[in-house]
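For reference, the structure is listed below as structure tokens.
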Amino acid sequence: MRFNKKEVDQQKTWLERWVFNNRLVSVLLVIILLLLTIYLLHKTSFIFEPIKALFSAVGAPVITAGIFYYLLIPSVNWAHDKFHLSKQLIVLIIFLFVALFLVLFVVYIAPIIRDNFIVFFKHWPDYYSHWSKRLQVWLSYPGLKPIKNWVLDTNNNFNKTIINWSKNYLTNGIAGVGKITRVITMIVITFPFILYYMLKDGDQLPLYISQFFPARTRPSLLEVLHEINKQISDYLRGQILTAVAVSIMFMIGFSIIGLPYGIWIGLLAGPLNLIPYLGSFLAMVPAIIIALFGGIHLVIAVLIVFVIEQTLESRLIHPKIMGASMNIHPITVLVILLGAGEMFGLLGVAFGIPAYAVLKVLIGRSYHWWRENSELFKG
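Quick look at the structure:
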């Protein structure tokens, strides 16, 4: 017995017509379920304490190995396809080159950085005295007397806050030195082993994960994992290569103009450049402060170096390395940096953008599946 569409529609209950096939009600139900899920996860957060402890123990080496994995895997795949060598042999050769680079760095570059630090700390009392005298001259103007009195008054709430903040952060910083040392030691010892197996067998991980899902969902799952991997690899590889290029440009530029401590300021500019849109400006702060001791001509020279670096980075390096693969608006990037930095600190700033890229892929795929399978978007 066959029914036409009109007869089938007439047999639907009011619940199907007004709830399950109503766009507004369906969206509200999805939002309510998401909020309920978040609430339940918050109330049962104790369940995830072992996971948190495990991540605290192995998270730093795994993240470090992951960053190097995305940086080195193109070379491994290229050599594997070009010369038909085993990945195990290719990884060992890469490790030998990395070890050779570290040896050359320790022998030739590290002493230069060490000498710069020694000279800086040797002249630090002179810098401090110079700026103290200049600040006293500025505050000696009659019009700035109220500001001077307010700054020197240790009883006002602002100065009390600054003093307490300084004491707390100094105490916490000293207490955290041991923890940082342990983390660095763990990274140095364990991450090469993790990186070795990631480079050797990392391409098998999506297939391994897909085995735990139904067979009919595996092709879609592999597509999602491939897209997530591409987003993360494009971002991390691009950011790291851009940071290296920025460090080299600043080191060369500061060396040409004769900026004191230009080598280690240039090295500092690279890691800071990992913060999109803000890193290079932050790197310029110590350069300008030190340039002020050399006179206005050195400040102008530093600004010229900065303009040249920004021009080369924005017009040549960044488009060539990053391209438009991330497809994220600059305003979105700034919002993510501010929000992730407020919630998760330095880790949020470092990994907020790739985390957003992963969520964007998952939410986009979920929405696309919903549109294709829900009757709300049909007709």
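Residue numbers (the numbering used here): 272 to 650.
Every residue gets a Cβ at the ideal spot worked out from N, C-alpha and C, and that includes glycine.
Keep in mind that this is a model prediction, so the values were computed, not measured.
Can you name, in chain order, every residue of its own chain whose Cβ lies under 7 Å from the Cβ of ILE607, other than the five neighbours on each side?
-> GLY623, ILE624, TYR627
- Do we get a CB-CB distance below 9 Å when we pair HIS401 with the residues of chain B? Any reference to chain B falls outside this structure, which holds one protein chain only.
(message) Give me the residue from HIS497, VAL347, ILE602, GLN581 with the minimum Cα distance to PHE521.
(response) GLN581
7 Å CB neighbourhood of ILE734 in its chain, flanking five on each side removed: For residue 734 there is no data in the structure shown, the boundaries of the chain being 272 and 650.
(Q) Judging by CA-CA distance, which residue of LYS471, GLN502, LEU478 is the nearest neighbour of GLN359? (A) LYS471
- What does a CB cutoff of less than 7 Å around PHE274 pick up in its chain, not counting 5 residues either side in sequence? Its pLDDT being 49, under 50, PHE274 is placed unreliably by the model, and the measurement read from it follows with that caveat. Excluding positions up to five away in sequence, the list is empty.
Reference TRP395, options VAL632, PHE564, ARG642, LEU605, closest by Cα: PHE564
Check: Just the Cα atoms here: how many angstroms apart are VAL390 and MET469?
Finding: 42 Å
**OP:** Grab the span of the alpha helix (DSSP H) containing GLY537 for me, first residue to last.
**Re:** 533-543
### Message
Suppose the cutoff is 7 Å on Cβ atoms and the five residues either side in sequence are ignored; what does the same chain contact list for TYR341 look like?
### Response
ILE503, SER504, LEU507, ARG508
Is it true that the CB of ASN544 sits closer than 9 Å to the CB of SER518?
yes
ask   = Contact check, MET457 vs PRO542 under 8 Å by CB: the rounded distance?
value = So it is not a contact: roughly 20 Å between Cβ atoms.
Could you give the C-beta distance for ALA336 and PHE484, rounded to a whole number, given that I count them as a contact under 8 Å?
Contact doesn't hold; Cβ gap of about 26 Å is too wide.
Practice problem: Rank VAL298, LEU466, PHE317, ALA381 by C-alpha distance to the C-alpha of PHE366 and give the top, closest one. | Solution: LEU466
Q.
If you reduce the DSSP assignment to three classes, tell me which class HIS355 lands in.
A. coil
- Message: According to DSSP, simplified to helix, strand and coil, what is LEU312?
- Response: helix
Tell me which same chain residues have a C-beta within less than 6 Å of the C-beta of ILE511, skipping the five on either side of it? LEU342
Do you know whose CA, among LEU530, PHE319, ASP352, PRO490, lies nearest ILE561's CA? LEU530
Exercise. With burial defined as no fewer than 16 other Cβ atoms inside 10 Å of the residue's Cβ, what is the status of LEU538: buried or exposed?
Worked result: buried
Check your understanding: Which residue from VAL515, ILE460, VAL495, ILE567 puts its Cα closest to that of ILE634?
Key -> VAL495
key: Backbone CA spacing between ARG642 and HIS497 [nearest angstrom]   = 22 Å
According to DSSP, simplified to helix, strand and coil, what is MET484?
At residue 484 the sequence reads Phe, which differs from the Met that was named. Coil at PHE484, not helix or strand.
### Query
So the alpha helix (DSSP H) ILE523 belongs to, where does it begin and stop?
489-528
* **Sub-9 Å separation of ILE499 and VAL629 beta-carbons** => yes
Range of the contiguous alpha helix (DSSP H) that encloses ILE575: 567-583
Exposed unless 16 or more other CB atoms sit within 10 angstroms - verdict on TYR532
buried
Just mark MET555 as buried or exposed, buried being the case when its beta carbon has 16 or more other beta carbons within 10 Å.
buried
In its own chain, which residues sit with a C-beta less than 7 Å from the C-beta of PHE368, not counting the 5 before and 5 after it? none
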